[in-house]
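Presented below is the structure to which this report refers.
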Amino acid sequence: MGTAIYGLNAEQLLLTRGVHGSFLARPSKSNPGDFTLSIRRNNEVTHIKIQNSGDYYDLYGGEKFATLAELVQYYTEQHDLLRERNGDVIELKYPLNCKDPTSERWYHGHLSGRDAEKLLMDKGKPGSFLVRESQSKPGDFVLSVLTNEEKHENVDRKTKVTHVMIRYQDGKYDVGGGERFDTLADLVDHYKKNPMVEKSGIVVHLKQPFNATRINAANIENRVKELNKVADNSEKPKQGFWEEFEVLQQQECKLLYPRKEGQRAENKSKNRYKNILPFDTTRVEIREADTDVPGSDYINANYIRVNRWKSGKVFIATQGCLQNTVVDFWKMVYQENTHVIVMTTKEMERGRNKCVRYWPDLNATKEFGKVSVKNVEECPAQDYILRELEVTRLDRRELVRYIWHYQYLSWPDHGVPNEPGGVLSFLEQVNRTQSAIPDTGPIVVHCSAGIGRTGTIIVIDILIDIINRQGLDCDIDIPKTIQRVRQQRSGMVQTEAQYKFIYMAVQQYIDTAQKRLEEEQNQQQVGPNHEVERHLLDISNFFNKSKTEKLVVQNYSAPLLSVQQTLSRSSVRISE
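Mapping of the sequence shown onto the numbering used here: residues 97 to 672, in sequence order.
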């Protein structure tokens, strides 16, 4: 939320950095003490006055709230309550957050007092502290510290959370008296060395920061710098990326859901690695199973659902095929109506088989059980190969399906790519193909075990999707995103190097997006931007020729790939 932004600035910010439904709350210029809610609605901005009576916040009538944050949360969750006089609904979707006042990891942004207490009581230790935005006085901040109460007779000392208000006035920070500081970091450093004392006599020691993982996406460069800092003491390894990843690893034991199906005797031979098994709760079941054959519904694969939104993207994360699982793999692809497969490994790496080839050679056809697969064309790009596969059922009179098989070849045998540009370009092409196919099923992603590179690719895609939907100034939480994915398939994102690579990928994506945004703003005066037309895939001709499925898309082209020629010459239709 904005703290020193007024009308024209708010409109400019929302129109240049926001999307439809983006909003911010800012101080009212006409009524000091009050606030204004500014909401972007398509290409216009609507302003709504918020009254601060001294006892509560409201919209000059209607529901009353103790804090500005609670008011905003209420109208964000109740989508149809905020309306114009003509009855049009005003949607609050994505907060356009102001830039964090510091990149220090102890800063938690708009965390409520209750949530701060829960975090510190559950996971902190005496002396743990964090700084957050004040919800009762927007524009100010709060220092929350886990402290020890005085020891009573025959009673052990108890812990509690102490909240200290930090005022921000005239560009300076203070705690309501005493010295004033230029930055929050200076204030915190001062009170680390010079502890405050409560009225009760309890000394408020700031011993160790309780670090946040939430960041403002546009501020990721500064967070990466913080995580890359070298420790100034003997605990050098226990810093930054290593520290965050270790905390994530320690939480893994809380995500041990049943994996009984993969442990069954009849299914053990279908697992590439005996201990890397799918959770029963999210596993993909082969519906076309033989009831007389135990385990015929089993495949080592899990659904990965991105978020709680109904339209959220769905992936299937699976292992690299074994010789005895190729038929089941194609059963799964067909039943799930998948049209895009992402393979992030070579067939052989360092002399070891990572995945049995489950597609035929170019121009050849091969049968896998009741599924026939023809390799129609292969289009090599800089870092990957795109294959066009025709898939038909031998036992049914159904239309041909087209599968686009993206095999990424530039992931090194050991570690991660040196820079994320190749992976980002690869994902851009994958998503353009996926989004252009109507009613398509999940993207199937696999490496060898189906957790390391697979998890890394999926998490990067999830984070980019959030940024694309909510804007560059949205909040993202990389560890929490990984944890949500791990709740659906264990071990996703295997190494600290992969963890750091996710940060690097998001940072580069943000940097590129910011530069594109600046270019687009500069070009608004000289004419339309045709950048998109030079990069997107042209698969419109293919779908326009289909009598059963239609899709209206722009005429896009992709210089690196011959997909346009491949699809435009095709007269076959995709089956449902």
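Note that the Cβ used here is the ideal one computed from N, Cα and C, for glycine as well.
Asked: Whole-angstrom distance between Ala-609 and Arg-263, CA atom to CA atom; Found: 35 Å
Asked: Other residues of its chain near Asn-105: CB distance less than 7 Å, five sequence neighbours each side excluded; Found: none
Asked: Beta-carbon contacts of Asp-491 that lie in its chain and below 7 Å, excluding the five residues immediately before and after; Found: Lys-466
Asked: Inter-residue CB distance, Asp-569 and Arg-113 (contact presumed, cutoff 8 Å); Found: 6 Å
Asked: When Gly-391, Ile-578, Ser-118 are compared against Arg-310, the one with the closest alpha-carbon; Found: Ile-578
Asked: Gly-223 versus Pro-234, Asp-386, Leu-239, residue with shortest Cα-Cα distance; Found: Leu-239
Asked: Outcome for Arg-453 when other beta-carbon atoms lying within 10 angstroms are tallied against a minimum of 16; Found: exposed
Asked: Asp-130 in three-state terms, based on DSSP; Found: strand
Asked: Coil, strand or helix - Cys-349 by DSSP; Found: helix
Asked: Distance between Met-292 and Asn-307 (C-alpha atoms, nearest Å); Found: 21 Å
Asked: Alpha carbon of His-631 to alpha carbon of Asn-527, nearest angstrom; Found: The predicted model places His-631 with a pLDDT of 37, which falls under 50 and marks its position as unreliable, so this point remains unresolved.
Asked: Alpha-carbon spacing of Asp-196 relative to Asn-315, whole angstroms; Found: 8 Å
Asked: CB of Gly-537 within 9 Å of CB of Asn-433, strictly; Found: yes
Asked: Beta-bridge pairing of Ser-468 - partner residues as DSSP gives them; Found: Glu-463, Thr-488
Asked: 9 Å Cβ cutoff met for Thr-142 and Ile-186; Found: yes
Asked: Chain-order list of residues whose beta-carbon lies under 6 Å from that of Met-588 (same chain, five-residue window excluded); Found: Ile-547, Gly-551, Val-581, Arg-582
Asked: Asp-266, DSSP secondary structure in three states; Found: coil
Asked: Nearest-angstrom Cα separation, counted from Glu-340 out to Ser-468; Found: 46 Å
Asked: According to DSSP, residues forming a beta bridge with Met-439; Found: Gln-503, His-542
Asked: Range covered by the beta strand (DSSP E) that runs through Thr-414; Found: 410 to 414
Asked: Helix, strand or coil at Thr-674 [DSSP, three-state]; Found: Nothing in the structure corresponds to residue 674, since the chain is present only between 97 and 672.
Asked: Expected contact under 8 Å - CB spacing of Val-438 and Ile-412 to nearest Å; Found: Incorrect: roughly 10 Å between the Cβ atoms, too far for contact.
Asked: Bounding residues of the alpha helix (DSSP H) (the contiguous stretch that carries Glu-213); Found: 209 to 219
Asked: Which residues DSSP lists as bridging Gln-304, in chain order; Found: Ser-224
Asked: Buried or exposed (CB count within 10 angstroms, at least 16 for buried), His-673; Found: No answer is possible for residue 673: the residues shown for the chain start at 97 and end at 672.
Asked: Nearest-angstrom Cα separation, counted from Gln-346 out to Ala-593; Found: 17 Å
Asked: Which of helix, strand or coil DSSP assigns to Glu-524; Found: helix
Asked: Glu-180, enclosing alpha helix (DSSP H) - first and last residue; Found: Neither: Glu-180 is in no alpha helix (DSSP H) and is coded neither H nor E.
Asked: Beta-carbon proximity of Gln-415 to Arg-368, cut-off 9 Å; Found: yes
Asked: Nearest-angstrom Cα separation, counted from Trp-202 out to Gln-619; Found: 40 Å
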